[in-house]
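In terms of our numbering, the sequence shown is residues 19 to 263. We put the beta carbon where it would ideally sit given N, CA and C, even for glycine. Inspection log for the structure reproduced underneath, given as C-alpha cells.
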Amino acid sequence: MTVSFIIPFHNEEKNCRSMVTRVDKFAHTNKLNYEIIPVDDRSTDRTAEILAEISQKNGKIKPVYRIKDSRKLGNTMGKALIAGTNKAIGEFVIWTMGDLADSTVTYKEIINKLYNNYDLVFGSRYMPGGSWGNLDPLKAFLSSSGTRLARILFGIKVHDITNAFRGFRRDIFNSLKLEETGFSISPEFAIKAYFKGLKLGEVPTTYTNRVEGVSSFKLYQMTHSYIFLYLKLFFKYKLKPHKLP
Ligand SMILES: Nc1nc2c(ncn2[C@@H]2O[C@H](COP(=O)(O)OP(=O)(O)OP(=O)(O)O)[C@@H](O)[C@H]2O)c(=O)[nH]1
Ligand SMILES: [Mg+2]
C-alpha cells in the first residue's frame with residue numbers, strides 16, 4: 019500500500035522545508051511506501067526554489083508548481099489539492115497543511131482507519147480527544163459552526179469537516195467531482211462523500227497554530243464561499259424534486 023501526502027503551499031518559505039522533512043521522516047520511520055507531493059501556488063517568496071532544491075535530493079518528493087502568476091486573485095488551495103491528488107499514485111491519500119498545523123501522530127491513526135475500510139477519515143479537532151489548541155477563538159467558532167451547520171442541514175455526524183486535514187482512498191476521489199477552488203473544498207468533499215454513501219470516519223487531532231509565515235485566511239471570502247456552497251448543496255441534495263421513474 020502506498021500513501022501519497024499532498025501538501026498545499028502558498029508563500030511558505032519559512033515552513034516548507036521543515037514540513038516536507040517532517041512528513042518524510044514520519045513516513046520513513048514508519049516504513050511506509052510513500053510519496054510527498056507539495057503543491058505550490060503563486061508564491062512570491064522562495065517556496066518554489068526550496069521545494070525544487072529538496073526534491074532534487076529525494077526522489078519521493080514530487081513538487082507541483084501550479085500557478086506562477088502572483089497577480090491571479092483569490093485563494094486556490096482547493097484547486098491545488100485536486101491537482102496534487104490527480105498526480106498521486108498511492109492507494110491512500112493524506113491532505114496535510116504546509117504550515118505545520120497538523121499532528122504527525124494523527125497520520126498513523128488515519129492510515130489505520132483507511133486499512134479498516136473507511137473511505138474518508140477526518141483529522142478532527144472537535145471530537146472527544148481532539149483539540150483546536152491555540153487556534154484563534156473566532157476561527158475555532160466559525161470552523162466548528164461550519165460542521166454544526168452541515169449536521170443540521172444534511173445530517174452528517176462527524177465533528178470536523180472544515181479542517182482540510184484528512185485521509186481517503188484515492189479511488190473514491192474522482193467520482194465526487196469536486197469544484198470548489200478555495201478553502202471550501204473541505205466541506206464540499208465531506209458533504210458529497212456523505213451523499214455518495216461513502217464510509218466516513220474521524221480520528222482526534224491536535225491543531226497547532228502557525229508559528230512562521232503569513233496566513234492565507236480571509237474571513238469575508240471564506241464565510242461567503244461557505245454560505246454559497248451550503249445553499250448550493252442543500253438545493254442539490256435536499257430540495258431537488260425527485261425524478262419520476
Ligand atoms: N497551493 C496553495 N496553497 C495554499 C493557498 N492558500 C493557502 N495555501 C496553503 O494551505 C494551507 C492552509 O492555509 P493557511 O494560510 O494556513 O490558512 P489557515 O489555516 O486558515 O490560516 P492560519 O491561521 O494562518 O493557519 C497552508 O499550507 C497554505 O500555505 C493557495 O492558494 N494555493
Ligand atoms: Mg493554517
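Compute every distance between the C-beta of residue i and the non-hydrogen atoms of ligand 2, then say whether any falls below 8 Å.
i: Ala158; result: no
i: Thr119; result: It should be pointed out that residue 119 corresponds to Ala in this sequence rather than to Thr. Result yes, Cβ under 8 Å from ligand 2.
Less than 8 Å between the CB atoms is what I'm expecting for residue i and residue j, so what's the real figure, rounded?
i: Asp58; j: Arg84; result: 7 Å
i: Ile25; j: Val41; result: 7 Å
i: Phe201; j: Met240; result: 5 Å
i: Ser234; j: Asp178; result: The pair is not a contact, with the Cβ atoms about 19 Å apart (cut-off 8 Å).
i: Pro222; j: Gly164; result: 18 Å between Cβ atoms; not a contact.
i: Asp6; j: Arg187; result: Outside the displayed span of the chain (19 to 263) sits residue 6, for which this structure offers no information.
i: Val38; j: Ile72; result: 6 Å
i: Val82; j: Lys105; result: 6 Å
i: Tyr238; j: Pro205; result: Contact flag wrong, Cβ pair sits at about 17 Å.
i: Ser149; j: Thr94; result: Their Cβ separation, rounded to whole angstroms, is 29 Å, which puts Ser149 and Thr94 out of contact at 8 Å.
i: Glu162; j: Tyr133; result: It is worth fixing the name first, because residue 162 is Ser in this sequence and not Glu. That pair is no contact at about 28 Å.
i: Val176; j: Phe140; result: 6 Å
i: Ile107; j: Glu67; result: Not quite, the Cβ-Cβ distance comes to about 26 Å (not below 8 Å), so this is no contact.
i: Gly173; j: Thr226; result: Not really, about 31 Å apart at Cβ, beyond 8 Å.
Tell me, please, whether the segment 161–174 touches the segment 58–65 by the rule of three or more beta-carbon pairs shorter than 8 Å.
no
For the pair the segment 252–259 and the segment 179–199, tell me if three or more CB-CB distances fall below 8 Å.
no
For ligand 1, which residues have a Cβ under 5 Å from at least one heavy atom, in chain order?
Pro26, Phe27, His28, Glu30, Val57, Asp59, Asn93, Thr94, Met95, Ala98, Met115, Gly116, Asp117, Arg228, Ser233, Ser234 and Phe235
Going residue by residue through the segment 98–138, where are the continuous beta strand (DSSP E) segments of at least 3 residues, counting only ones entirely within it?
110–113
Stretch-stretch touch, CB-based, cutoff 8 Å, three pairs: the segment 117–128 with the segment 200–211
no
Taking 8 Å as the threshold, find out whether the segment 194–206 comes into contact with the segment 125–133 through three or more Cβ pairs.
no
Any chance you could list the beta strand (DSSP E) runs of at least 3 consecutive residues sitting entirely within the segment 199–247, in chain order?
218–222
Could you check whether the segment 26–39 touches the segment 225–239, counting it as contact only if at least three pairs of C-beta atoms, one from each stretch, sit closer than 8 Å?
yes
For the segment 46–57 and the segment 96–107, state whether three or more C-beta atom pairs, one from each stretch, are separated by less than 8 Å.
yes
List, from N- to C-terminal side, the alpha helix (DSSP H) runs of 4 residues or more that fit wholly inside the segment 174–198.
none
Any 3 or more C-beta pairs closer than 8 Å across the segment 102–111 and the segment 211–227
no
What ranges does the alpha helix (DSSP H) occupy inside the segment 142–176, keeping only unbroken runs of at least 4 residues that lie completely in it?
155–172
Beta strand (DSSP E) runs wholly inside the segment 39–90, at least 3 long, in chain order:
51–59 and 82–85
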